[in-house]
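S.K.: Numbering-wise (our numbering), the sequence shown opens with residue 548 and increments by one. Every residue gets a Cβ at the ideal spot worked out from N, C-alpha and C, and that includes glycine. Owing to the predicted nature of the structure, the values given are computational and were not obtained by experimental measurement. Below is one structure. I have some questions about it.
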Amino acid sequence: MEKINTLTEIEIDRIIEMAWEDRTPFSAILFQFGLNEQQVIELMRKEMKRSSFKMWRARVQGRKTKHV
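Right under this line is the structure:
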């Protein structure tokens with residue numbers, strides 16, 4: 548959670564955008580921002596409405612392109 552608290556609003560917006568993109572794997576977010584998959588999930592949970600978070604989780608779970 549430490550890393551998440553040091554992110555700027557611009558970085559948070561970009562991470563959320565990348566997390567929603569089907570073809571952007573979690574490894575790309577790790578490389579660019581230093582957040583692993585679990586940290587991205589925590590960030591998404593914190594920043595999104597509950598219904599939007601649930602929709603996103605359902606969308607990315609098991610999606611091969613997110614887990615390269």
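Can you tell me whether Ala-605 is buried or exposed, with buried defined as 16 or more other CB within 10 angstroms of its CB?
M.R.: It is exposed - the Cβ of Ala-605 has fewer than 16 other Cβ atoms within 10 Å.
S.K.: Apply the 10 Å Cβ neighbour rule to Lys-613 and answer buried if 16 or more other Cβ atoms are within range, or exposed otherwise.
M.R.: The residue in question, Lys-613, is buried, as its Cβ has 16 or more Cβ neighbours within 10 Å.
S.K.: Mind reading off the beta-carbon distance from Ile-557 to Phe-580? Whole number of angstroms is fine, and I expect it under 8 Å.
M.R.: About 11 Å separates the two Cβ atoms, so there is no contact after all.
S.K.: Classify Arg-570 as helix, strand or coil using the three-state DSSP reduction.
M.R.: If DSSP states are grouped into helix, strand and coil, Arg-570 belongs with coil.
S.K.: With the cut-off set at 8 Å, would you say Lys-550 and Leu-582 are in Cβ contact?
M.R.: A contact, by the Cβ cut-off of 8 Å.
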